[in-house]
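Asker: Count the sequence shown with this note's numbering and you get residues 80 to 240, in order.
C-beta: ideal position from N, C-alpha, C; glycine also.
Dropping the structure in here first, questions after.
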Amino acid sequence: MLGSLLVIARMCAGGFFVWTGSAKLSRSRRFWSQIMGYKIVGPRQARFLAAMLPPVEFVAGLFFAAGLWPAGTGCVLLLLLAAFTVAIASSLLRGLGNDCGCAGSDRVSPILIVRNVVLASLAVAGMSSAAPAYSGEIIVVACGGLLVVAISSHSYRAIGR
Numbered sequence: 080m081l082g083s084l085l086v087i088a089r090m091c092a093g094g095f096f097v098w099t100g101s102a103k104l105s106r107s108r109r110f111w112s113q114i115m116g117y118k119i120v121g122p123r124q125a126r127f128l129a130a131m132l133p134p135v136e137f138v139a140g141l142f143f144a145a146g147l148w149p150a151g152t153g154c155v156l157l158l159l160l161a162a163f164t165v166a167i168a169s170s171l172l173r174g175l176g177n178d179c180g181c182a183g184s185d186r187v188s189p190i191l192i193v194r195n196v197v198l199a200s201l202a203v204a205g206m207s208s209a210a211p212a213y214s215g216e217i218i219v220v221a222c223g224g225l226l227v228v229a230i231s232s233h234s235y236r237a238i239g240r
C-alpha cells in the first residue's frame, strides 16, 4: 500500500512538471517576459532561463514520473522548486504583483508557495518509491540531456529574434 502511494506521489510530481514544461515550451517569448517581471535577472540571463527551464522541467518531470533515475531527477525537481519559491517570495516581499510564469496566467501569490511545498513533499516521497529497472537507463538519461540541450538551443535562438 505504501509503495503504491509513493509511486503515485512520484507520478503526480513528475506529471506536474511535464505539464508546466510543455506549456512553457511553445511560449518562450512570453516566458521570457514573465521571468523579466520578477526583476531578478537581466535580459540575457532571462533569455537563457526562458530557453533552458521548460525543457529541463519537461524531461526531468517525464523521467521522474516514469521512475528513471528518481533520485537524480527528483533532486532536479527539488532545485527547480526551491528556485521558483525564492523568486515568488522575493516578488511578494517587493509587492511586484507580476505573472508567476507557472504555465498559467496566475499572479504571484502566497498560495503558490504552499503549492510548491506540497510538490516538494510529493517529490521527496516519490524519490523513495521503488523504481522500475531499465536496462539502458543511463543511455535514456543521456539522450534526455541531449534533448534538453537541443530544445534549449532552438528556444534561445527563437527568443532572440
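Whole angstroms are fine: how far does the CA of W148 sit from the CA of G94?
Answerer: C-alpha separation (whole angstroms): 15 angstroms.
Asker: So F110 and G180 are in contact, right, with Cβ under 8 angstroms, and what is the actual spacing, rounded?
Answerer: That pair is a contact at about 6 angstroms.
Asker: Once the 5 residues before and after A150 are set aside, which same chain residues still bring their CB inside 6 angstroms of it?
Answerer: Excluding sequence neighbours, A150 sits near M206.
Asker: Relative to the C-alpha of A139, which candidate in S232, V228, R236, S234 has its C-alpha closest?
Answerer: For the residues S232, V228, R236, S234, the minimum Cα distance to A139 belongs to V228.
Asker: Going by other Cβ atoms of all chains shown within 10 Å of its Cβ, with 16 needed for buried, is Q113 buried or exposed?
Answerer: Label assigned to Q113: buried.
Asker: Looking only at its own chain, which residues have a Cβ that is under 7 angstroms from the Cβ of A130, when we skip the five neighbours before and after it?
Answerer: Closer than 7 angstroms at the Cβ level, and outside the excluded window around A130, lie S107, S231, S234, Y235, I238.
Asker: If you reduce the DSSP assignment to three classes, tell me which class R186 lands in.
Answerer: Strand.
Asker: Kindly confirm or deny that the stretch 186-205 and the stretch 83-102 touch, where touching means at least three C-beta pairs closer than 8 angstroms.
Answerer: They touch, by the three-pair rule.
Asker: Could you say which of V219, F143, I192 lies nearest to S169 if we only look at CA atoms?
Answerer: The residue with the shortest Cα to Cα distance from S169 is I192.
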